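Working notes, beginning with the structure itself.
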Amino acid sequence: NDSIVFYSNASGLDNISYLSGEGIDTTTSVIDVDVEVQNYLYAYPPFPMPAKNYIKTLIYWDLSLDIDKDIIEVYNIYGEKLEGRERIRIDKQNQYSGWLVWDCSDVESGIYFIKINHGTRTIYLKVMVDR
Numbered sequence: 001n002d003s004i005v006f007y008s009n010a011s012g013l014d015n016i017s018y019l020s021g022e023g024i025d026t027t028t029s030v031i032d033v034d035v036e037v038q039n040y041l042y043a044y045p046p047f048p049m050p051a052k053n054y055i056k057t058l059i060y061w062d063l064s065l066d067i068d069k070d071i072i073e074v075y076n077i078y079g080e081k082l083e084g085r086e087r088i089r090i091d092k093q094n095q096y097s098g099w100l101v102w103d104c105s106d107v108e109s110g111i112y113f114i115k116i117n118h119g120t121r122t123i124y125l126k127v128m129v130d131r
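Under our numbering, the first residue of the sequence shown carries the number 1, and numbering increases by one thereafter.
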């Protein structure tokens, strides 16, 4: 009498199933599955739009990573990097959210992209500056 035991912890709970019967192939095999970790990052639309001196957006991030170590950069419409975090700050509201504020008072009128790289997640915020 052959038998098979299935074990699963996919939902965080231990699940065991037991099957028995004649003619069941009891060959053991293990399958390794690579799981790609996706970090969480979300941003509301920036405001005011168009901006004069600053642009602001509410962001939510993955607690497993330090938002203060993220790469945050500003690009023009030609893909040229204008600056890094020098004039960008994160005003934290709690452990997982806060206001991203960019001081854009020294840039010319135009369209810009704020790039936020948070672990495996990268987002671009489109902003407009009008003088």
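Using N, Cα and C, we set each Cβ at its ideal position, and we do this for glycine too. Here the structure is a predicted model, which is why all the values come from computation and not from measurement.
Pop quiz: residue i and residue j are said to be a contact at Cβ under 8 Å. What is the actual Cβ separation, rounded to whole angstroms?
| i | j | result |
| --- | --- | --- |
| Ile55 | Val127 | 5 Å |
| Ile77 | Ile111 | 5 Å |
| His118 | Asp34 | Contact flag wrong, Cβ pair sits at about 21 Å. |
| Thr122 | Gln38 | Not a contact, Cβ separation roughly 12 Å. |
| Glu108 | Arg85 | Their Cβ separation, rounded to whole angstroms, is 20 Å, which puts Glu108 and Arg85 out of contact at 8 Å. |
Determine the DSSP secondary structure at residue i, reduced to helix, strand or coil.
| i | result |
| --- | --- |
| Glu80 | coil |
| Lys52 | coil |
| Glu36 | coil |
| Asp91 | strand |
| Ile31 | coil |
For residue i versus residue j, is the C-beta distance shorter than 8 Å?
| i | j | result |
| --- | --- | --- |
| Ile88 | Trp102 | yes |
| Ser97 | Tyr124 | no |
| Leu41 | Ile114 | no |
| Pro45 | Val129 | no |
| Leu82 | Tyr75 | yes |
| Ile90 | Asp68 | yes |
What does DSSP give as the partner residue(s) for residue i in the beta ladder?
| i | result |
| --- | --- |
| Ile59 | Ala43 and Gly98 |
| Ile71 | Asn117 |
What are the uninterrupted segments assigned as beta strand (DSSP E) that are 3 or more residues long and contained completely in the region 98–130, given in chain order?
110–118 and 121–129
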